[in-house]
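Counted the way this note's numbering counts, the sequence shown spans residues 245 to 797.
First comes the structure, then the notes that go with it.
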Amino acid sequence: MGPVLAGVLQLLALIAALALAYVPLGNYMARVYSSDKHWRVEKWIYKGIGADPDTEMRWTAYLRGVLAFSVIGVLFLYLLQRIQGVLPGSLGFSSIDPDQAFNTAVSFVTNTNWQSYYGEQAMGHVVQTAGLAVQNFVSAAVGIAVAVALVRGFARSRTGELGNFWSDLVRGTVRILVPIAAVAAVVLVACGAIQNFSGIHEVGQFMGGQQQWNGGAVASQEAIKELGTNGGGYFNANSAHPFENPTPFSNLFEIFLILVIPFALTRTFGLMVGSVKQGYAILATMATIWVGFVALMMWTEFAHHGPAFDIAGGAYEGKEVRFGVGASSIFATSTTLTSTGAVDSFHSSFTGLGGGITMLGMMLGEIAPGGTGSGLYGMLIMAIIAVFIAGLMVGRTPEYLGKKIGSREIKLAACYILVTPALVLVFTAFAMALPTPANSMTNSGAHGFSEILYAYTSASNNNGSAFAGLNADTQWFNSTLGLCMLFGRFVPMIFVLALAGSLAEQKPVPATAGTLRTDKPLYTGLLVGTIIIITGLTYFPALALGPLAEGLA
């Protein structure tokens, strides 16, 4: 079997698995967020945190819950890292420096999981399990909660109430993420991923020095790392490390975990707004972009030139030979089109155009299918923009799901879209203009610029993957990337929840002969075009200076 055929067959198997999970998981999540009953363990949690899960919240109260919970998470994780040196199970590692502790705390709370440290050489068992792994669960649950709040904004009318944040947070964690992650961890252990709390082991000589590996609760963290579209690895090599990702099957399974909730949430959306066709339209848009990007990535990595590439069968530099070019291309595309950031190969070693595809996937806003929750609400924002554009073309007030898209709604949607490009481009410009940040680049020219551009794109879009080659463990990058992660996560959430509140207050508008059918293929095509055009106009100059210049050289 040739490498191209192997890659295509893996892609088809992945699509089949996602299709099988789509309806049952989507239906289940709709029931979770629509139920008025509470599990006993959930009641204990509500009592412990002093929350009333039955109190409806307006968007401002919902936002206060999101921000308060996240601030507490940042402070707790920061302090846990700062006192690591005196904690049991620290494996002898010292406490984390202030700038890196800030960066890491912000990173995991914002579902980014950017890592400017070597995991196996910096974090002990307590920080990994009680700090990082916990945030992998709750940060993903926060994203789903905000998406559900926006869906309720479309589904409800003549009320500003969007549900209860604490109830949505707890249910997402207890009923969805924990059970699926537990099963996934068992599967990964069966594949060969490690799960223990062992210390550091000497495993032989390597490049003139002693090679050491420490154990850890790797399989359980790997499961939620992918399922919650988090991405932070126990080891520096991330999912290219055999302790995290032992076999080609585990590699495909991890890609499945990355994609399954974001895709299934479109089914949840359709059920909650009372029209599964609307969910299918959003699904079709996400799937079209994802499949297109995977095909384009495979083409760039298999369309090799020269005898060395001919003999190897593709661009093998930086790719794990256990998985090959095809599986690495699927993983790279999936992890950057979501907010996962996990890697099973090094994106810096992809072809020039291949590296550009990984960047473009994040620049789209990570909406195909995007992160857990963030992908859905990002796509719904783009759906509103597409409806507005269609309304301009025919001279009609735009409507979406029975709600008028007026000046307030379109301003909130526009602000949402402008936040991350501003962060990416402004901070990239500063880093390239100032003398010190440029010293962190391993490469010069277009590839060196891509290292900087990729870092700020990854942080601002809450992806967390790295282009490799950039020394990001400096005060400048730890601080500025931390700010990008904070603003890139929570400022868009402000606009999403404000938009949800505005929509929930409206009364439904009956459909007429002139209403744009947003559940038809024509609208799906319009939505895909809108996404590509808006991103292209925003980022094309920066891409032309980096990956395009390198790929066309």
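Think of the CB as a built atom: it goes at the ideal place given N, C-alpha and C, for glycine as much as any other residue.
Remember, predicted model here, so these are calculated numbers, not experimental data.
Here DSSP, grouped into helix, strand and coil, assigns Y644 to strand.
A check of alpha carbon separations from G745 across V285, R302, L255 identifies R302 as the nearest. Secondary structure note for L636: its alpha helix (DSSP H) is the uninterrupted segment 618-638.
Judged by DSSP in its simplified three-state form, I649 adopts coil rather than helix or strand. Apart from sequence neighbours up to five positions away, the residues of its chain that approach S723 with a beta-carbon distance below 8 Å are D343, F346, N347, ordered along the chain. A distance below 6 Å between beta-carbons, with the five flanking residues on each side excluded, links P765 to no residue of its chain. Here Y362 is exposed. Its C-beta has fewer than 16 other C-beta atoms within 10 Å. DSSP places M603 in the helix class (H, G or I) of the three-state scheme. In the DSSP assignment, M685 is bridged to L714. Membership of I259 in the alpha helix (DSSP H) is indicated by the continuous run 247-278. In the DSSP assignment, N347 falls within the alpha helix (DSSP H) that extends over 342-353. Judged by DSSP in its simplified three-state form, E364 adopts helix. Distance from the CA of F507 to the CA of T595, rounded to the nearest whole angstrom, comes to 28 Å. With a beta-carbon spacing of about 7 Å, S589 and F575 fall inside the 8 Å limit used to define contacts. Distances from the CA of W410 to each of I601, V386, G617 were compared; the closest alpha carbon is that of V386. Under the rule that a run must span 4 or more residues, the alpha helix (DSSP H) segments found entirely inside the segment 715-765 read 719-749.
Check the Cα spacing between F721 and each of M676, V418, F739: the tightest is with M676. Around the CB of F734, 16 or more other CB atoms lie within 10 Å, so the residue is classed as buried.
Excluding five sequence positions before and after T529, the CB atoms of its chain that fall closer than 6 Å to its own CB belong to T768, L771, V772, given in chain order. Its chain contains no residue whose beta carbon lies nearer than 6 Å to that of A797 once the 5 sequence neighbours on both sides are disregarded. The Cβ-Cβ distance between S383 and N408 does not fall below 8 Å. The C-beta distance from T782 to P665 rounds to 5 Å, short enough to fall under 8 Å. For P490, the CB contacts under 7 Å within the same chain, skipping 5 residues up- and downstream, are C435, G436, A437 in chain order. Taking C-beta atoms as the reference points, H485 and G477 count as a pair closer than 8 Å.
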